[in-house]
Amino acid sequence: MPAHISSPAPRTGSLPERAGCGVCGEPGTAGNAQGALVADSSAIDPYDFAFDGRRYVVACCPEHMRTLVEEARAAWSAGEQWFGQLCRASLLNAMRDASLDEIRAHARLDDAALRAALEWNSARKAAALTLPGGQILPMRPVPASGC
Ligand SMILES: [Zn+2]
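Numbering (the working numbering), first residue to last: 868 to 1014.
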C-alpha cells in the first residue's frame, strides 16, 4: 500500500498490538484464551471488500469474549462502513476527478447506502468535508427550523 493511502481504520487483517484480553488485558490461561473475528464497521481493508467489517479480538475467557462480541454488535453502523468504502474508492487514481456518483458506483454502493454514509458522516462531531481523495462531500441537508 502506498504510504499516502490510508483508510479510516486500517485494523482488518492485523492482530492486536497487545495479545491481552480486549476486556481486562489479561492474557488468559492455556485452554481458556480465545480469539475471534467480530463485526467492526470501521474496519475497511485497503484493497478487498471481502475483508471489510471485521476485526480480530482476543479474550481471556468465554465471558469476556461474549462481552467483546456484544459490544461489537452494539457499535456496528452500516453508514460508517459504507462511508469507509466510499473513502477507499475515492483514493483510486481513476477517481481523482470523479463525481460523487461515480465514486459511489465504484464503491458498489446504491443510492440508499450513499445517503446513509453521508448521514453518518454529517452526524459526526468532526464531519469530513472531503473524501480522502480530495473530492468534496455534500453535507446532509439541515432540516428547516422553527418559523
Ligand atoms: Zn478478560
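Beta carbons: idealized from backbone N, C-alpha and C, even for Gly.
Give every residue of the same chain whose Cβ lies closer than 8 Å to the Cβ of residue i, excluding the five residues on either side of it in the sequence, and list them in chain order.
i           : result
residue 919 : 879, 910, 911, 912, 948, 951, 952
residue 894 : 886, 887, 888, 900, 927
Roughly how many whole angstroms lie between the Cα atoms of residue i and residue j?
i            : j           : result
residue 1001 : residue 988 : 15 Å
residue 965  : residue 945 : 24 Å
residue 975  : residue 896 : 43 Å
residue 959  : residue 903 : 31 Å
residue 889  : residue 935 : 7 Å
residue 938  : residue 924 : 12 Å
residue 954  : residue 898 : 40 Å
residue 1012 : residue 985 : For residue 1012, the predicted structure reports a pLDDT of 47, less than 50, and the residue's modelled location is therefore unreliable. The matter cannot be settled from this model.
residue 991  : residue 978 : 20 Å
Leaving out the 5 sequence neighbours to the left and right, which residues in its chain are closer than 7 Å to residue i when beta-carbon positions are compared?
i           : result
residue 891 : 927, 931
residue 963 : 1000
residue 997 : 1003, 1004
What residue does the beta strand (DSSP E) around residue i start on, and which one ends it?
i           : result
residue 904 : 901-906
residue 925 : 921-926
Which residues in the same chain have their Cβ closer than 6 Å to the Cβ of residue i, if we skip the five residues on either side of it in sequence?
i            : result
residue 901  : 926, 932
residue 1006 : 989
residue 859  : As shown, the chain starts at 868 and ends at 1014. That puts residue 859 outside it, with no answer to give.
residue 981  : 971
residue 943  : 906, 908
With residue i as the anchor, note down where its alpha helix (DSSP H) starts and where it stops.
i           : result
residue 971 : 967-973
residue 929 : 929-942
residue 978 : 978-990
residue 998 : Note, residue 998: premise wrong, no alpha helix (DSSP H); not H, not E.
residue 954 : 945-957
Contact check, residue i vs residue j under 8 Å by CB: the rounded distance?
i           : j           : result
residue 906 : residue 921 : 7 Å
Residue i: buried (16+ other C-beta within 10 angstroms of its C-beta) or exposed?
i            : result
residue 1003 : exposed
residue 983  : buried
residue 971  : buried
residue 994  : exposed
residue 917  : exposed
residue 886  : exposed
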